[in-house]
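**Q** Before I ask anything, here is the structure I am working with.
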Amino acid sequence: MRKASIVNVLFLALLLFMSGCDQNMLGAGYAIKNVVAKPFQAIGSYFTDNAYEDIEQKSTSKNSIPTECWVKRKSVLPGMEGIQNITDVIRENVCSCVPWGSCTVDECPCSRMCPDGFDIFKRPGQKTMSEFTTLENSLSFSNGGGGGEIESTQGFCWGHASVTSQFNRLAFFDKSAKPEYSLNSKDKSEQKKAFEYYKDLIDNVIDNKPTKIPGIKNLNELSGIPGIESYMADKVAHSWGKRAMSTQGLSVGLSSSAMKRSESEEFFKSIKEKIDNNQQPQIVFTKRNKRMITHAVLVSDYTVDRNGNTVLCIRDNNISRRRVNLAGQSCSDKMTIGADGGISYSLWGDIGGAELAFNDNSDALEQMRNLKEHCDSEKGCDQ
1 MRKASIVNVL
11 FLALLLFMSG
21 CDQNMLGAGY
31 AIKNVVAKPF
41 QAIGSYFTDN
51 AYEDIEQKST
61 SKNSIPTECW
71 VKRKSVLPGM
81 EGIQNITDVI
91 RENVCSCVPW
101 GSCTVDECPC
111 SRMCPDGFDI
121 FKRPGQKTMS
131 EFTTLENSLS
141 FSNGGGGGEI
151 ESTQGFCWGH
161 ASVTSQFNRL
171 AFFDKSAKPE
181 YSLNSKDKSE
191 QKKAFEYYKD
201 LIDNVIDNKP
211 TKIPGIKNLN
221 ELSGIPGIES
231 YMADKVAHSW
241 GKRAMSTQGL
251 SVGLSSSAMK
261 RSESEEFFKS
271 IKEKIDNNQQ
281 PQIVFTKRNK
291 RMITHAVLVS
301 DYTVDRNGNT
311 VLCIRDNNIS
321 RRRVNLAGQS
331 CSDKMTIGAD
341 GGISYSLWGD
351 IGGAELAFND
361 NSDALEQMRN
371 LKEHCDSEKG
381 CDQ
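First residue of the sequence shown? That's 1 in this note's numbering, and the numbers climb one at a time after it.
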């Protein structure tokens, strides 16, 4: 890293420290920590990106996984007299031989049930990536909300995007399962234990560990529980500090000029590949000609317009998911490449620099390995 970059980050830390707000004090602390850790992070990032690209090449070169598989039946099923009846009964009774599918290891190879690579990100029952934009798969509060102890000024967008992505990938909610302790207990002692129990589960997800969350229906319900909501808001704040107070956060903030068409097209291509590999990438960008006016969002999906142009569907944490649910559109907020070759965002107008978040590849690799191990254990593929 250039000396000028280190000096700039330290200068930013000093300004934040002197400004006094909780968010600024938090940012100053993480800026200093990130500068100290930068040499080690740079080495790690180099190997991480190479490892990610290697897996990506293997994923694009392999054949697609079939949606169903043949299974052995010990006896003839009733109602199989005619060809049409045979077809219908097979469709109703055949197991699902897909990632996290309903087959057993006797009926389906583990290479399909718990695949290596990015197919492990396919969630049970998920049809499209845009399903992650729904209210159910969202934090109960938007950027800067949640009532945490750390006072927000400009919001914690990067942290909000990162935590949302972690829960969408790693949390397995089961409303019918009984938790160790009940939040609804009349016993105050058990209530306290229940709060600590769920906080530990939240910490596991933040640490990129696949986690079962019993007694809770979805992310929106969990993050809306009084006491839990403020705890998660503070987790979002710390996640923001680790990411935004970095050399990338600073460099993107200074990149306010329009991107060249070749750069915009390469950026769109890399994001499309992420989505095709079952990921919801985090991106950071700056408003055109407005240095340090930055934002971080998730890209939930992409579409192609009538002219054959790619449209990135943005999941913006400044926008209430309730509004999106009411609109009934999963791609209401979008990014496109404009006539000048730069990128335009429907909520911001023209933007300057835009990049994949530096932590996205490393998070994906760690989550992929942990999900594979969790799936192997769940499906009996670790025997």
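Cβ atoms here follow ideal geometry from the backbone N, Cα and C, with glycine treated the same way.
Note that the structure is predicted; figures quoted are calculated from it, not measured.
#1: Please identify the residue among Lys178, Asn137, Glu266, Ile351 whose C-alpha is closest to the C-alpha of Arg291.
#2: Thinking just about the alpha-carbon of each residue, which of Asp119, Cys114, Ile314, Ala237 is nearest to the one in Asp382?
#3: Could you have a look at Ile202 and say whether DSSP puts it in helix, strand or coil?
#4: Between which residues of its own chain and Val205 is the CB-CB distance below 7 angstroms, once the five residues before and five after are set aside?
#5: Can you name, in chain order, every residue of its own chain whose Cβ lies under 6 angstroms from the Cβ of Ile55, other than the five neighbours on each side?
#6: So, helix, strand or coil for Arg369, using DSSP?
#7: Should Gln57 be labelled buried (16 or more other beta-carbon atoms within 10 Å of its own) or exposed?
#8: Taking Val284 as part of the beta strand (DSSP E), name the residues at either end of that continuous run.
#9: Are the CB atoms of Asp360 and Gln282 within a distance shorter than 7 angstroms?
#10: Just confirm the distance between the C-beta atoms of Ala296 and Ala161, as a whole number of angstroms; I'd bet it's less than 8 angstroms.
#11: Give the DSSP-derived three-state secondary structure of Lys74 in the structure shown.
#12: Mind reading off the beta-carbon distance from Val98 to Lys127? Whole number of angstroms is fine, and I expect it under 8 angstroms.
#13: Can you list, in chain order, the stretches of the beta strand (DSSP E) that have 3 or more residues and sit fully within the region 165-248?
#14: Between Thr294, Lys372, Gly308, Ala357, which has its C-alpha nearest Gly349's C-alpha?
#15: When we look at the beta-carbon of Ala233 and count the other beta-carbons within 10 Å, is it buried (16 or more) or exposed?
#16: On the premise that Phe173 lies in contact with Ile216, defined as a C-beta separation below 8 angstroms, what is that separation, rounded to the nearest angstrom?
#17: Let me check understanding here. Comparing Cα to Cα, which of Gly353, Ile213, Asp301, Arg322 lies closest to Ser262?
#18: Quick one: what's Asp350 bridged to in DSSP?
#19: What is the rounded straight-line gap between the Cα of Lys235 and the Cα of Ala339?
#20: Is the region 307-315 touching the region 363-374, taking contact as three or more C-beta pairs under 8 angstroms?
#21: Report the three-state DSSP secondary structure of Met335 (helix, strand or coil).
#22: Taking 6 angstroms as the line, does the beta carbon of Ala51 fall inside it for any heavy atom of the ligand MN?
#23: Mind checking whether Gln279 and Leu298 have CB atoms under 7 angstroms apart?
#24: With 16 other CB atoms within 10 Å as the buried threshold, where does Asn317 fall?
#25: Below 8 angstroms on the Cβ atoms is my contact criterion, and I expect Ser264 with Ile202 to pass it. Report the Cβ-Cβ distance as a whole number of Å.
#26: Could you check what DSSP says for Glu378 in three-state terms: helix, strand or coil?
#27: Around the Cβ of Lys192, are there at least 16 other Cβ atoms within 10 angstroms (buried) or fewer (exposed)?
#28: Which same chain residues, not among the five before or five after Ala244, have their C-beta less than 6 angstroms away from its C-beta?
#29: Identify which residue in Tyr302, Ser239, Ile319 has its Cα closest to the Cα of Leu312.
#30: For Gly253, count neighbouring C-beta atoms within 10 Å of its own C-beta (all shown protein chains included) and say buried if the count is 16 or more, exposed if not.
#31: Output the distance between the C-alpha atoms of Lys260 and Glu266, rounded to the nearest integer angstrom.
**A** This is what the structure holds:
#1: Ile351
#2: Cys114
#3: helix
#4: Gln166, Phe167, Leu170, Ala171, Thr211
#5: Gly117
#6: helix
#7: exposed
#8: 282-287
#9: yes
#10: 5 angstroms
#11: Because Lys74 sits at a pLDDT of 43, beneath the cut-off of 50, its placement in the model cannot be relied upon, and the point is left open.
#12: That belief does not hold up - the Cβ atoms of Val98 and Lys127 are roughly 11 angstroms apart, past 8 angstroms.
#13: 171-174, 211-214
#14: Thr294
#15: buried
#16: 5 angstroms
#17: Gly353
#18: Ser344
#19: 40 angstroms
#20: no
#21: strand
#22: Judged by which ligands are present, the structure shown has none, so any question about the ligand MN falls away.
#23: no
#24: buried
#25: With a Cβ gap of about 37 angstroms, Ser264 and Ile202 do not count as contacting.
#26: helix
#27: exposed
#28: Trp158
#29: Tyr302
#30: buried
#31: 10 angstroms
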